[in-house]
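Presented below is the structure to which this report refers.
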Amino acid sequence: MLKEFKEFAMRGNVIDMAVGIVVGGAFGTIAKSLVADVLMPPIGLLLGGVDFSNLFVTLKEGVPPGPYLALSDAQAAGAVTMNYGVFLNSVISFLIVALAVFVVIKAINQMKREEKEAPPADPTTKECKFCHMTIPIQATKCGHCTSEFAKSA
């Protein structure tokens with residue numbers, strides 16, 4: 098059983114999948130930082146200085162009671178909040194990751210399609226029209242039946 102597990106774990110597909118998961122996780126972290134640190138601040142600035150990570154609705158006041166200026170203040174007070182700004186950041190991160198995966202898959206499919214559409218190689222043999230044996234393409238006389246024919250046959 099241990100030998101079977103080792104064969105399974107060392108198969109190329111499993112190792113490729115593991116590498117994909119690790120790289121995907123790292124890419125997800127990069128996408129999250131891109132959204133939170135690069136994209137959302139200018140968008141928030143254009144919308145009047147809104148910090149999307151601090152957009153929330155207080156469902157139940159904490160101690161001391163609100164209003165709370167930041168999500169961290171509400172959480173420190175023990176308030177129950179609905180954090181729609183954090184959710185919005187997560188949705189945008191997901192869309193960026195999904196777009197990146199789409200572009201990569203599309204490129205891979207394009208490369209596979211180009212491999213399949215490669216023109217066939219020029220033939221190196223032809224068939225004798227008299228005895229139907231295979232002969233070299235440049236032959237002018239069949240080596241099997243000794244029939245003569247023009248090069249274009």
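Using my numbering, you'd call the opening residue of the sequence shown number 98 and step up by one each time.
Heads up, the beta-carbon is just placed ideally off N, CA and C, and yes, glycines get one too.
Remember, it's a predicted structure, so these values are computed and weren't measured experimentally.
Take the alpha-carbon of Ala167 and the one of Val120: they are about 33 Å apart.
Only buried fits Asn186, as 16 or more other CB atoms lie within 10 angstroms of its CB.
Each of Lys129, Phe102, Lys100, Phe105 was checked against the Cα of Ala195, and the nearest Cα belongs to Lys129. Counting along the chain, the unbroken beta strand (DSSP E) around Met179 starts and ends at 177-179. DSSP, read as helix, strand or coil, puts Glu214 in coil. In terms of Cα proximity to Lys223, the closest of Pro217, Lys209, Cys239, Val111 is Cys239. Here DSSP, grouped into helix, strand and coil, assigns Val198 to helix. DSSP, reduced to helix, strand and coil, places Lys226 outside both helices and strands of the structure shown, so it counts as coil.
Under the three-state reduction of DSSP, Val154 is assigned to strand.
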